[in-house]
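Engineer:
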Ligand SMILES: [Zn+2]
């Protein structure tokens with residue numbers, strides 16, 4: 004719509020233009036959606052360390068300055084990864100190039116050819132007996148293991164490569180990281196389309212020898228990047244932090260993951276122009292989330308011992324049905340107050356939830372003793388099945404989604420920033436441990452290198 008405006012201005016008399024062609028109110032959710040569309044269509048997917056990622060940060064900074072804000076960058080270094088022109092081809096029973104995507108931190112190696120063996124769910128007990136050295140393992144799509152766990156098991160048996168059957172059908176590849184620490188994976192691991200993975204498994208089960216040629220050109224590279232911060236000074240210094248990661252995977256446009264959060268923060272920045280909240284509000288666009296929460300780990304580490312009001316994480320939040328205190332009871336009363344004042348069930352049919360989960364930018368803050376929250380806003384199944392893949396494109400993210408979700412985000416942030424009974428604090432380490440053990444998250448966090456948390 005907005006792209007037609009210049010033409011309208013040429014063709015229509017001024018009086019008509021003023022009504023029909025009213026430009027997106029600066030600061031409106033429409034402007035935020037328009038910004039996201041430009042990121043997606045004009046700049047491209049925002050893998051941390053890529054030129055497009057840097058261009059997106061530049062573009063965002065320009066927009067924020069045009070709003071009258073003074074954003075700052077907080078640079079940091081992290082282990083990065085660059086996808087190369089990888090090739091995985093079936094050699095026997097007949098030649099065919101496979102539909103694959105290397106997992107992040109798969110490291111370049113010379114081409115090799117090997118027989119494929121099925122390894123079930125990838126736990127040591129799932130492996131067939133015998134000498135498997137030099138083979139390629141076919142890992143089932145139901146594996147409950149984290150990448151570091153199935154990679155360690157595969158390396159222990161001397162496998163030379165892994166094909167991980169995708170959990171989503173329809174040729175999906177769902178890019179993801181093989182290493183939260185950023186260490187190169189001990190062997191190359193590829194997501195393979197579910198249909199091809201199941202076919203290879205059937206061939207092997209029927210006694211057909213399957214051979215694959217694997218050539219990885221992707222490589223691990225050190226990366227210099229930055230988070231972007233925007234501080235809205237309040238009457239008191241303690242901060243309410245609102246964050247969303249701006250980086251994405253490379254197969255699609257990163258529109259849902261996490262263009263939605265980027266646009267919501269953009270709308271929030273607009274809404275807070277000229278505001279003087281009680282608590283200081285800090286907006287952060289994190290980098291390096293997809294590869295291993297690098298930006299939020301960096302930002303949380305930089306807090307030192309500073310007390311923080313709370314941290315709201317916006318990662319793929321559609322139109323909210325609930326607000327989630329992420330396991331911290333102390334946040335619940337303030338959220339109930341907001342919900343009661345915000346029009347009740349019509350806006351948040353599921354009210355206040357209090358369930359912790361890990362794996363996005365709130366986790367490093369929680370580990371640092373900051374209480375975190377998020378909004379539960381499911382994205383429709385027919386769209387969300389494409390996240391991390393080719394079809395994570397702007398056509399899945401409507402202006403209405405950005406408008407309706409941003410309205411809730413802005414309202415919640417305004418309310419929490421105005422809530423004088425919310426005190427800034429940092430949780431005791433023992434309570435932080437409980438926050439995770441109560442939800443039985445330690446095993447997953449250990450595999451991610453995030454457990455045990457620091458302190459006694
Ligand atoms: Zn995300």
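Numbering (our numbering), first residue to last: 4 to 459.
Note that CB positions come from ideal geometry on N, CA and C, so glycine has one too.
Does the Cβ of residue 163 have 16 or more other Cβ atoms within 10 Å, making it buried, or fewer, making it exposed?
Structural biologist: With 16 or more neighbouring CB atoms inside 10 Å of its own CB, residue 163 falls in the buried class.
Engineer: Quick check on DSSP: helix, strand or coil for residue 400?
Structural biologist: coil
Engineer: Which runs of the beta strand (DSSP E) fall wholly inside the stretch 335–403 and span at least 3 residues, in chain order?
Structural biologist: 375–379
Engineer: In the DSSP output, what is residue 211 paired with across the bridge?
Structural biologist: DSSP lists no beta-bridge partner residue for residue 211.
Engineer: Should residue 38 be labelled buried (16 or more other beta-carbon atoms within 10 Å of its own) or exposed?
Structural biologist: buried
Engineer: Okay, do the stretch 67–79 and the stretch 97–113 touch, 3+ Cβ pairs below 8 Å being the bar?
Structural biologist: no
Engineer: Hey, how far is the Cα of residue 58 from the Cα of residue 67?
Structural biologist: 14 Å
Engineer: In whole angstroms, give me the CA-to-CA distance for residue 322 and residue 105.
Structural biologist: 32 Å
Engineer: Identify which residue in 49, 360, 396 has its Cα closest to the Cα of residue 292.
Structural biologist: 49
Engineer: So, do the stretch 230–246 and the stretch 276–292 have three or more beta carbon pairs nearer to each other than 8 Å?
Structural biologist: yes
Engineer: Which of the three DSSP states is assigned to residue 85 in this structure?
Structural biologist: Note: residue 85 maps to strand in three-state DSSP.
Engineer: Since residue 440 is in the alpha helix (DSSP H), which residue starts that stretch and which ends it?
Structural biologist: 432–440
Engineer: Hey, which residues come within less than 7 Å of ligand 1, measuring from Cβ to any heavy atom, in chain order?
Structural biologist: 248, 260, 261, 292, 293, 318, 319, 363
Engineer: If you compare alpha carbons, which of 282, 173, 93 is closest to residue 385?
Structural biologist: 173
Engineer: If you count every other CB in all the chains shown that lies within 10 Å of the CB of residue 399, and 16 or more means buried, which is it?
Structural biologist: Buried: at least 16 other Cβ atoms inside 10 Å.
Engineer: When we look at the beta-carbon of residue 424 and count the other beta-carbons within 10 Å, is it buried (16 or more) or exposed?
Structural biologist: exposed
Engineer: Does the stretch 431–443 come into contact with the stretch 323–334, if we say contact requires no fewer than three beta-carbon pairs (one atom in each stretch) closer than 8 Å?
Structural biologist: yes
Engineer: If we ignore side chains and look at the alpha-carbon of each, how far apart do residue 131 and residue 157 end up?
Structural biologist: 12 Å
Engineer: What number of angstroms, rounded off, separates the C-alpha of residue 439 from the C-alpha of residue 213?
Structural biologist: 43 Å
Engineer: Strictly by DSSP, which residues pair up with residue 231?
Structural biologist: 76, 288
Engineer: With C-beta atoms as the reference, is residue 192 less than 9 Å away from residue 168?
Structural biologist: No, the pair does not count as a contact, with Cβ atoms beyond the cut-off.
Engineer: Taking just the CA atoms, how far does residue 161 sit from residue 268?
Structural biologist: 46 Å
Engineer: Measure the CB-CB distance between residue 272 and residue 36 and report whether it falls below 9 Å.
Structural biologist: no
Engineer: With the cut-off set at 9 Å, would you say residue 143 and residue 204 are in Cβ contact?
Structural biologist: yes
Engineer: Considering only the beta carbon of each residue, do residue 46 and residue 32 sit closer than 9 Å?
Structural biologist: no
Engineer: Which value, in whole angstroms, describes the spacing of the CA atoms of residue 351 and residue 281?
Structural biologist: So the alpha carbons of these two residues sit roughly 25 Å apart.
Engineer: For the beta strand (DSSP E) that residue 121 lies in, which residues bound it at each end?
Structural biologist: 112–121
Engineer: Report all residues from its chain with a CB closer than 7 Å to the CB of residue 25; omit the five preceding and five following residues, and keep chain order.
Structural biologist: Summary for residue 25: the model assigns pLDDT 43, below 50, so the residue's position carries little reliability; its value from the coordinates is reported in the next sentence. Around residue 25: no qualifying Cβ.
Engineer: So for residue 38, helix, strand or coil by DSSP?
Structural biologist: Here residue 38 carries a helix assignment [DSSP, helix/strand/coil].
Engineer: Would you identify the three-state DSSP class for residue 282, choosing helix, strand or coil?
Structural biologist: strand
Engineer: Under the DSSP definition of a beta bridge, which residues are partnered with residue 225?
Structural biologist: 82
Engineer: Say whether the stretch 298–307 touches the stretch 339–348, bearing in mind that this needs 3 or more beta-carbon pairs closer than 8 Å, one atom from each stretch.
Structural biologist: At 8 Å Cβ cutoff, the stretches do not touch.
Engineer: Is it buried or exposed for residue 128, if we count other Cβ within 10 angstroms and need 16 for buried?
Structural biologist: exposed
Engineer: Which residues does DSSP list as the beta-bridge partners of residue 92?
Structural biologist: 100, 216
Engineer: What is the C-beta distance between residue 85 and residue 221, in whole angstroms, given that I count them as a contact (C-beta under 8 Å)?
Structural biologist: 6 Å
Engineer: If distances are taken between C-alpha atoms only, which option among 215, 394, 284, 180 comes closest to residue 2?
Structural biologist: The question about residue 2 has no answer, for the chain in this structure spans 4 to 459.
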